[in-house]
Structure formats: structure tokens, C-alpha cells
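Engineer: Sharing a structure here in C-alpha cells format.
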Amino acid sequence: MWMSDKYICAFAIVKLDYAGLIFIDFYDLEEKREIHKNITIPLCNGIIIHNSVGSYAHYQNKDMYFNIIRVHEKLHVMIKWNEIDIDANFILQKESLNVLVPWSDKKYHYTSKQLPLKSKGYVCIGQDENETFNLEDSIGFIDYGRGIWEREKSWYWLTCGFKNEDLKVGLNLGGKWTDNTGVNENGIKINGILYKIYSDVNFEKIDENTWSIKNNQNEEEQIDLIFKVESINDKKNNKILVKSSLKQHIGRINGEVKVNDETIEFNDVICWFEDHYAKW
5 MWMSDKYICA FAIVKLDYAG LIFIDFYDLE EKREIHKNIT IPLCNGIIIH
55 NSVGSYAHYQ NKDMYFNIIR VHEKLHVMIK WNEIDIDANF ILQKESLNVL
105 VPWSDKKYHY TSKQLPLKSK GYVCIGQDEN ETFNLEDSIG FIDYGRGIWE
155 REKSWYWLTC GFKNEDLKVG LNLGGKWTDN TGVNENGIKI NGILYKIYSD
205 VNFEKIDENT WSIKNNQNEE EQIDLIFKVE SINDKKNNKI LVKSSLKQHI
255 GRINGEVKVN DETIEFNDVI CWFEDHYAKW
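Counting from 1 along the sequence shown, just add 4 to a position and that's the residue number in this note's numbering.
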């Protein structure tokens, strides 16, 4: 995923054994334009995801080409799907947020959140009159996942980042997905150093356009954020193999996060927030 004040581009390739999911969501925040593409692939036919996390993923058909490969300290992404053309590199960093979520003796999830990342390359939109978005203006986010998942699951997931002369910050917060497991996916990265947030976070919907996000009481950690929704993409998948309801929220975060005796202020930071239920 890439985020900036001008655009957001999110994409995923998912292998569920009996079905594969691939999607791209592009939001032009200045022109209020959205492009959404998705495909469900029975039995994951043609999807390749390497056993080593973060190494290689591939799929192609007559309408699209989707290729992700790690080359040294870069993750190269090439996607061509009708009017969307992406050729980009994420510049990888040493520190990331890595969590193993133990739901039971047999069901688990491993996740690796890599943020905030520099990127090089472009997203090009359009077939006749192309519009090119330079990814050097953005902040990059990678979310790897592996595991044997429960049949039915929900999650909240929020991520954002910003940079200025003194700070480069990436934030990852989650809920529901890790409830009652003793772990969570909460962390903040400040100038290249990842700080784990050990307290759980509560997402409270105040009204249709406002969420309050706070952590459980903890003297050493404090999360006090307000998320203001600017747009919602309500994606429903009612295929036989996969049923899901995913609400992608785009908006602005205000408030503060305190960790390691340092308080980070968030002032109108562009933010991505998912409210998801799925039965796979």
C-alpha cells in the first residue's frame, strides 16, 4: 500500500487454498475518483506465493499481470490490470512489527507489518490520457500474512504514517483479530525504531463519521486518537467459497500516542482503517 495526501493505492494477493483473492483499490483524493478491481480464483489456480514470506508472488491471465519479487533490500512490484499500470520498489528496512497470533493449538496467524517505507516508481492510471503518480511522494506499507485461519473472523485494522524534517512515523493498530489471545498487532515506528505497544486498543464508533481509538489504561503507554471518516468503500463478497464484508475507511487521524517516554502528535494525518468480517 502507498499513502499520500494526494492518493492511496492498496493491493493484495491472497491464497486461501480453495480460493484466491486479488484486488487493487486506487483513490485519487484530490479529484475524488476511485478505481476498484478484484478477482476471485477458484482453487487458487495459477496463483504462486513462495513459501518464504516476502520473497515472491505471481499471477497472470489475459487481462492482468501481477508480480512481486524481493531483490536484495527492495520489494519490486509490477502490476498491469486494464487501465492500471504499476512499476515500483519498496525500500525495505531492518525493523518491523512481527506477531504470531495463537487462536488454538491448530489455528494461528503470523503477520509482519513493514512501515513506514520509502518507495520509488509510479502508478499510472488511464489508457489514452495517462495520469502518473510518483510514489516517492508517498509512504509505503507492507502486510505479510501466513497461517491456518479460523473459519470465521473479524478485524479492525488502522495504519498511517507521516514525515517531516525531524520525524518519520508509522503506526499500526488492530482489534478483534487478536482478542483473547494474549497478543496484539499494535506498534509505532519512530525514525526507524519499532516500539511495541503492549496494551490492547478499543475502537469505538461515535457516529457514522467519527471513531474514538484508545488503549486500555497503561501508565507507560497512551493512545488517544480521533479518526474522522472522509470516504467509505463497502466491499461485499458473497461468492460460494468466500463471504465477506469489508469497509475500507479513508480519513484523518488527530491525537497523540505516547511510548518510551515520547509523545507523538498526529495532526490531520491521512489514514487507512478497515472494518472486516469474513467467512472463508
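From the three backbone atoms N, C-alpha and C, an ideal C-beta is built for every residue, glycine too.
In this text the structure is predicted, and so the values were computed from the model without any measurement.
Do residue 173 and residue 120 have their beta-carbon atoms positioned less than 8 Å apart in this structure?
Structural biologist: Within the sequence shown, numbered from 1, the residue matching residue 120 stands at position 116. Within the sequence shown, numbered from 1, the residue matching residue 173 stands at position 169. Yes, the pair counts as a contact, with Cβ atoms nearer than the cut-off.
Engineer: Does the Cβ-Cβ distance between residue 83 and residue 27 come in under 8 Å?
Structural biologist: The sequence position of residue 83 within the sequence shown is 79, counting from 1. The sequence position of residue 27 within the sequence shown is 23, counting from 1. No, the pair does not count as a contact, with Cβ atoms beyond the cut-off.
Engineer: Beta strand (DSSP E) containing residue 5: first to last residue?
Structural biologist: Here residue 5 refers to the residue found at position 1 when the sequence shown is read from its first residue. Taken as a continuous stretch (DSSP letters only), residue 5 belongs to no beta strand (DSSP E), as it is neither H nor E.
Engineer: Please name the residue or residues paired with residue 135 in a DSSP beta bridge.
Structural biologist: On the sequence shown, position 131 is the one that residue 135 refers to. DSSP lists 129 as partners of residue 135.
Engineer: At 4 residues or longer, what runs of the alpha helix (DSSP H) sit wholly inside the region 25-100?
Structural biologist: As far as the region 25-100 is concerned, it has no whole alpha helix (DSSP H) run of at least 4 residues.
Engineer: Per DSSP, what kind of secondary structure is residue 21 in: helix, strand or coil?
Structural biologist: The count along the sequence shown starts at 1 and reaches residue 21 at position 17. DSSP places residue 21 in coil when its eight states are reduced to three.
Engineer: As a quick exercise: from 212, 69, 68, 149, pick the residue whose alpha carbon is nearest that of residue 56.
Structural biologist: For the purposes of this step, residue 56 is identified with residue 52 of the sequence shown, where counting begins at 1. The option with the nearest alpha carbon to residue 56 is 149.
Engineer: By the three-class DSSP mapping on this structure, what secondary structure does residue 141 have?
Structural biologist: To locate residue 141, count along the sequence shown from 1; it is residue 137. Residue 141 falls in the helix class under three-state DSSP.
Engineer: Are the CB atoms of residue 45 and residue 58 nearer to each other than 8 Å?
Structural biologist: Within the sequence shown, numbered from 1, the residue matching residue 45 stands at position 41. Within the sequence shown, numbered from 1, the residue matching residue 58 stands at position 54. Their beta carbons are not under 8 Å apart, which means residue 45 does not touch residue 58 by this criterion.
Engineer: So, are the CB atoms of residue 41 and residue 88 less than 8 Å apart?
Structural biologist: Locating residue 41 in the sequence shown gives position 37, where the first residue counts as 1. Locating residue 88 in the sequence shown gives position 84, where the first residue counts as 1. Yes, the pair counts as a contact, with Cβ atoms nearer than the cut-off.
Engineer: For residue 186, count the other beta carbons within 10 Å of its own beta carbon; 16 or more makes it buried, fewer makes it exposed. Which is it?
Structural biologist: Reading the sequence shown from its first residue, position 182 is the one you call residue 186. Residue 186 should be labelled exposed.
Engineer: When the Cβ atoms of the region 253-264 are set against those of the region 129-146, are three or more pairs found closer than 8 Å?
Structural biologist: Contact fails: fewer than three Cβ-Cβ distances are below 8 Å.
Engineer: Does the pairing of the region 192-203 with the region 233-252 give three or more beta-carbon distances under 8 Å?
Structural biologist: Touching, no, given that fewer than three Cβ pairs across the two stretches are closer than 8 Å.
Engineer: Let me know the secondary structure DSSP gives residue 110 once reduced to three states.
Structural biologist: Residue mapping note: residue 110 aligns to position 106 of the sequence shown, counting from 1. Correct three-state label for residue 110: coil.
Engineer: What three-state label does DSSP hand residue 118 in the structure shown?
Structural biologist: Position 114 of the sequence shown holds residue 118. Reduced to three states, the DSSP call for residue 118 is strand.
Engineer: Return the chain-ordered list of same chain residues with a C-beta closer than 8 Å to the C-beta of residue 214, the five sequence neighbours on each side being excluded.
Structural biologist: Along the sequence shown, read from residue 1 onward, the residue named residue 214 stands at position 210. Correct list, in chain order: 230, 231, 232, 233.
Engineer: Per the DSSP calculation, residue 124 is bridged to which residue(s)?
Structural biologist: Position 120 of the sequence shown, counting from 1, holds the residue named residue 124. DSSP output for residue 124 lists 93 as bridge partner(s).
Engineer: Got a sec, what are the start and stop residues for the beta strand (DSSP E) residue 221 sits in?
Structural biologist: The count along the sequence shown starts at 1 and reaches residue 221 at position 217. Here residue 221 belongs to no beta strand (DSSP E), and DSSP marks it neither H nor E.
Engineer: Can you name, in chain order, every residue of its own chain whose Cβ lies under 7 Å from the Cβ of residue 281, other than the five neighbours on each side?
Structural biologist: Indexing the sequence shown from 1 puts residue 281 at position 277. Counting only Cβ-Cβ distances below 7 Å, and skipping sequence neighbours, we find 158, 248, 249.
Engineer: Measuring only the C-alpha atoms, how far is residue 220 from residue 211?
Structural biologist: In the sequence shown, residue 220 corresponds to position 216, counting from 1. In the sequence shown, residue 211 corresponds to position 207, counting from 1. Cα to Cα, the separation comes out at about 21 Å.
Engineer: Shortest alpha-carbon distance to residue 93 belongs to which of 53, 208, 279, 144?
Structural biologist: As a working mapping, residue 93 is identified with position 89 in the sequence shown. Ranking the options by Cα distance to residue 93, first place goes to 144.
Engineer: Would DSSP call residue 155 helix, strand or coil?
Structural biologist: Here residue 155 is taken as the residue at index 151 of the sequence shown, counted from 1. Looking at residue 155 - three-state DSSP - the assignment turns out to be coil, as it is neither helix nor strand.
Engineer: Can the beta-carbon of residue 273 be found less than 8 Å from the beta-carbon of residue 164?
Structural biologist: The residue given as residue 273 occupies position 269 in the sequence shown. The residue given as residue 164 occupies position 160 in the sequence shown. It is a contact, given that the beta carbons lie within the stated cut-off.
Engineer: Of all the options 70, 205, 13, which has the alpha carbon lying nearest to the alpha carbon of residue 37?
Structural biologist: By one-based count along the sequence shown, residue 37 stands at place 33. Cα-wise, what sits closest to residue 37 is 13.
Engineer: Taking C-beta to C-beta, are residue 51 and residue 63 nearer than 8 Å?
Structural biologist: Here residue 51 is taken as the residue at index 47 of the sequence shown, counted from 1. Here residue 63 is taken as the residue at index 59 of the sequence shown, counted from 1. Yes; because the gap between Cβ atoms is below 8 Å, this pair is in contact.
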